[in-house]
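Okay, structure first, notes after.
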Amino acid sequence: MGKEIIFEELGEKERVLLLKAFDYGVDSEGNILNKNGEKIKSSENPKSFIKVEFASLVPGSLEVIDGSPTALAKYLREKVESDGDDN
Amino acid sequence: MEMTIEQILEYIKSLSLKGALVYLVSQGILDFSKVGYEKIKKIIVDKQNEGRYAFVPNREEALFLLQSKDNPEYKQVELLVPKYKYLDIIRTGLLIANYNKNIANNINTDKNRIRITQIKNDIGRRPGGGRLLKIVKFPTTEEFSTIMAYLYNLKFNNYPSKLLEDEFEELVDDWEKSSRFVKNIDTVEEVIIFCKRQAEQKNKRFFILGLYEKAIDTIEEVMLELSNIDFFKSNNYTFKTIKSGESADIAKIEIIIYRDIFD
Numbered sequence: 004m005g006k007e008i009i010f011e012e013l014g015e016k017e018r019v020l021l022l023k024a025f026d027y028g029v030d031s032e033g034n035i036l037n038k039n040g041e042k043i044k045s046s047e048n049p050k051s052f053i054k055v056e057f058a059s060l061v062p063g064s065l066e067v068i069d070g071s072p073t074a075l076a077k078y079l080r081e082k083v084e085s086d087g088d089d090n
Numbered sequence: 017m018e019m020t021i022e023q024i025l026e027y028i029k030s031l032s033l034k035g036a037l038v039y040l041v042s043q044g045i046l047d048f049s050k051v052g053y054e055k056i057k058k059i060i061v062d063k064q065n066e067g068r069y070a071f072v073p074n075r076e077e078a079l080f081l082l083q084s085k086d087n088p089e090y091k092q093v094e095l096l097v098p099k100y101k102y103l104d105i106i107r108t109g110l111l112i113a114n115y116n117k118n119i120a121n122n123i124n125t126d127k128n129r130i131r132i133t134q135i136k137n138d139i140g141r142r143p144g145g146g147r148l149l150k151i152v153k154f155p156t157t158e159e160f161s162t163i164m165a166y167l168y169n170l171k172f173n174n175y176p177s178k179l180l181e182d183e184f185e186e187l188v189d190d191w192e193k194s195s196r197f198v199k200n201i202d203t204v205e206e207v208i209i210f211c212k213r214q215a216e217q218k219n220k221r222f223f224i225l226g227l228y229e230k231a232i233d234t235i236e237e238v239m240l241e242l243s244n245i246d247f248f249k250s251n252n253y254t255f256k257t258i259k260s261g262e263s264a265d266i267a268k269i270e271i272i273i274y275r276d277i278f279d
C-alpha cells in the first residue's frame, strides 16, 4: 500500500501481466511500451529504454519508471522538490 | 480439467494482488486478449487500486483519486511526510471530504451518504481496518489544517523528516485526544480544564480551534486567562495563533500549543 513498489516482489511474467492490466505492452526484447505502442525512455539514461526487468510502477500515477536504485532516488527527489516548489 | 473464467474469477477474488498474478501466470494466463478475460483484468486493476486506496473505487472515483495528487491539502501532506506509507489513503479521505461537501451543499445527499457508508464498510473489513479508517477520517476534520500548520512549523524550523513522520503518525492516532473543537455552547472554564488536562498528561502539543465569533471570543478569553495564571510558562509551552476568514460567518481561529519536542 502507499509508496510500496510492488514490482520488486514480482517475477517477470507477473510484472508483464500487471503492466498489461494497465494497458502497457512489452516487446520481444523486454522493452515496456506505452499505450501507443512506443518504447518508454529511461529518465536516468535517455539513450536507453525502460525494460520490464528494471521497471517500477509508481503507485498513485500508474507511471512506469526506471526501477534502478539511482533512478528511483532521482525520481522521488525530483518529485518532492517539484511539489515543494508548487507550494 | 481446465477452469472456467467464472471459477478463475471466484478463486482470485480472495487472493492478494501478488497471489492473483502468480496464480494467473501458473494457469498460463499471460495477457488479457482472450474473450472474457477483461473481467480478470478488471479484478487485477481493482486489486491494485484497492491496495492503494483501501477500497475499490468506481470509474469516477478512480479519476478523482488520481487527480487528487494535485489537491493542495494532499500536496501539503506529501511535502511534509513524503515517505508516509499511507499517503494514498489520505486521498481516500479527501474523496470522502468531497462527498461530505456535496452533502453540505445538498447535492445528491442520500447517494453521497450511502457511498460514504459503503467505502467505510469496505475499509473497516480490511486487515487493520480500524486504523485505516482513522487515517481516512483525518483529512475530513476541521483539525486537519491545524495539525498540518503545526507540522509545517516543525519543518520550517528544520526538524528532521523522520521526526515529522513520527509526529504525523502519532497525530493520526490521537488527534481526537489532543484537540478541542470549541463550540458556541462551550464555556471558558471547560476549555481551560481541557488545557490543564493536556498539561497534566504531559502532552507535548495540543490544539484548540473554533469557528465563528462566539467560539473565537471564548478561545481568546481562555488564552488570556491561561496567560494570566502563567500556564504556558510554567508548563514550558509556546503557542501559535492562526486567524483566518475576514467576515464573522467564515472566521476561524486555530491555536497550536506546543513544547520543543526534543525536550
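As you go down the protein sequences, you meet chains A and B in turn.
Reminder that position 34 of the first sequence reads as 37 in the working numbering, one-by-one numbering, no gaps.
Reminder that position 206 of the second sequence reads as 222 in the working numbering, one-by-one numbering, no gaps.
Ideal placement from N, C-alpha and C gives every residue a C-beta, glycine not left out.
Which term fits Thr133 of chain B, buried or exposed, when burial requires 16 or more other beta carbons within 10 angstroms of its beta carbon?
Thr133 of chain B comes out exposed.
Find the residues of chain A that neighbour Val61 of chain B, judging by a C-beta separation of less than 8 Å, and give them in chain order.
Neighbours of Val61 of chain B on chain A, chain order: Ala24, Phe25.
Nearest-angstrom Cα distance between Asn49 of chain B and Glu192 of chain B?
Looking at the sequence provided, one finds Ser at residue 49 of chain B rather than Asn. Each residue's alpha carbon lies about 50 Å from the other.
From the DSSP output, which residues share a beta bridge with Phe223 of chain B?
Answer is B:Ser195, B:Ile272, bridged to Phe223 of chain B.
Check whether the Cβ atoms of Asn118 of chain B and Asn128 of chain B lie closer than 7 Å to each other.
In this structure, Asn128 of chain B lies closer than 7 Å to Asn118 of chain B by Cβ.
Starting from Ile135 of chain B and walking both ways along the beta strand (DSSP E), at which residues does that stretch end?
Ile135 of chain B -> not in any beta strand (DSSP E); alpha helix (DSSP H) instead, spanning 125–140.
Enumerate, from N- to C-terminal direction, the unbroken alpha helix (DSSP H) stretches of 4 or more residues contained entirely within the segment 19–73 of chain B.
Listed in chain order, the complete alpha helix (DSSP H) runs (minimum 4 residues) inside the segment 19–73 of chain B are 21–29, 33–42, 53–69.
Where Glu76 of chain B and Leu22 of chain A are concerned, what is the direct C-alpha to C-alpha distance, given to the nearest angstrom?
Looking at the two C-alpha atoms, the distance is approximately 22 Å.
Using 8 Å as the cut-off, can you tell me whether the segment 78–86 of chain B makes contact with the segment 34–49 of chain A, which would need three or more C-beta pairs spanning the two stretches below that distance?
The answer is no - the segment 34–49 of chain A does not touch the segment 78–86 of chain B, with fewer than three Cβ pairs under 8 Å.
Within 7 Å (strictly less), CB to CB, does Leu36 of chain A reach chain B?
Output row for Leu36 of chain A: interface = no.
Grab me the residues of Glu270 of chain B's own chain with a C-beta within less than 6 Å of its C-beta, minus the 5 sequence neighbours each way, in chain order.
Here the set comprises Thr162, Leu225, Ile258.
Buried or exposed: Ser195 of chain B, going by 16 or more other Cβ atoms within 10 Å of its Cβ?
The residue in question, Ser195 of chain B, is buried, as its Cβ has 16 or more Cβ neighbours within 10 Å.
Taking Glu12 of chain A as the query, report the chain B residues whose CB atoms sit under 8 Å from its CB, ordered along the chain.
By Cβ distance, chain B contributes Lys34.
Using DSSP bridges, identify the partner residues of Ile258 of chain B.
B:Glu270.
Per DSSP, what kind of secondary structure is Phe25 of chain A in: helix, strand or coil?
Three-state DSSP puts Phe25 of chain A in coil, outside helix and strand.
Report the residues of the segment 32–57 of chain B with a CB closer than 8 Å to any CB of chain A, ordered along the chain.
Under the 8 Å Cβ criterion, the segment 32–57 of chain B contributes Leu33, Lys34, Leu37, Val38, Leu40, Val41, Ile45, Leu46, Asp47, Phe48, Lys57.
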